[in-house]
Amino acid sequence: MPDLLGPLEYTWPFYACALAAYLLGSVPFGLVLTRLAGLGDVRSIGSGSIGATNVLRTGSKPLAIATVICDSGKGAVAVLLASQYGPDMAVIAAGAAMLGHCFPVWLKFKGGKGVATAFGILLALSPLVGGLTGLTWLAIAVIFRISSLSALVASVAAPFYMEWLVDRQHAELALFMALLVIFRHHGNIRRLIKGEESRITFSKDKPKS
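Numbering (the working numbering), first residue to last: 660 to 868.
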């Protein structure tokens, strides 16, 4: 990783990369898609998040799926574009895109929980790590049927996969993203501790929160 406190003529491309990735990551696809569909402001329902889980509470599965694809895609695109200029650029872009999604400047820094964006980033950095992380999410979801728990466990597992299969720098990035996911799930964690967290259901009943 370059010394970002070094001479500006050397460091400015990294700062420019971080800014561009942050702005890309901060595009609130969940909010944009629901408004374009005439469903209003997704932040006014459920958890108030702009992520796919809350979009699903509008009753539109296609919009929720589109939100997952777009949120994952923006993380992957940021990494793939930056990787053309080296692995350090890719890591910086990944972290910045994640920050953009969780704390978008357009929404007064109140964004999504980062799960889909982190998944797209992991896939772009290492398809194997992304695949293992996705399988971890799926396994926990099948066993416990709690989406937030699946996201938390998968996020915590990702740094270990990165350390094992890639390198320490990428493991540190995955740890940074896991901490962001945990922070953004603070409400879910409280409900998990109390045993009040909503479960994944295949019925027509909508989750409470």
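Cβ coordinates follow ideal geometry from the N, Cα and C atoms, glycine included.
Quick caveat, the model's predicted, so the values are computed rather than measured.
- Taking a cut-off of 8 Å on C-beta distances, the stretch 700-713 touches the stretch 756-775, as three or more cross pairs fall below it.
- Contact between the stretch 674-689 and the stretch 725-734 is present, with at least three C-beta pairs closer than 8 Å.
- In its chain, beyond the 5 residues on either side, S685, P687 and G770 have a beta carbon closer than 7 Å to the beta carbon of P763.
- Under the three-state reduction of DSSP output, V840 falls in the helix class.
- For V686, there is no enclosing alpha helix (DSSP H), as DSSP marks it with neither H nor E.
- In the DSSP assignment, E856 falls outside any alpha helix (DSSP H), carrying neither H nor E.
- The shortest CA-to-CA distance from L739 to any of T717, G779 and S706 is the one to G779.
- For the pair S814 and A837, the CB atoms are nearer than the 9 Å cut-off.
- For the 9 Å CB-CB criterion, A816 and L791 form a contact.
- Here L698 has T717 as same chain residues with Cβ atoms under 6 Å from its own Cβ, once five neighbours each way along the sequence are excluded.
- In terms of Cβ geometry, M748 and F835 do not form a close pair [threshold 9 Å].
- Rounded to the nearest angstrom, the gap between the Cα atoms of Q743 and A737 is 11 Å.
- Apart from the 5 residues on each side of it in sequence, T795 sits with its Cβ closer than 7 Å to the Cβ of V812, A813 and A816 in its chain, given in chain order.
- Judged by DSSP in its simplified three-state form, I799 adopts helix.
- Residue burial annotation: I799 is buried, with at least 16 other C-beta atoms found within 10 angstroms of its C-beta.
- Here the alpha carbon of A725 sits roughly 26 Å from the alpha carbon of C676.
- For V701 and L784, the gap between their C-alpha atoms comes out near 30 Å.
- When rounded, the separation of the alpha-carbon atoms in L782 and L695 is 28 Å.
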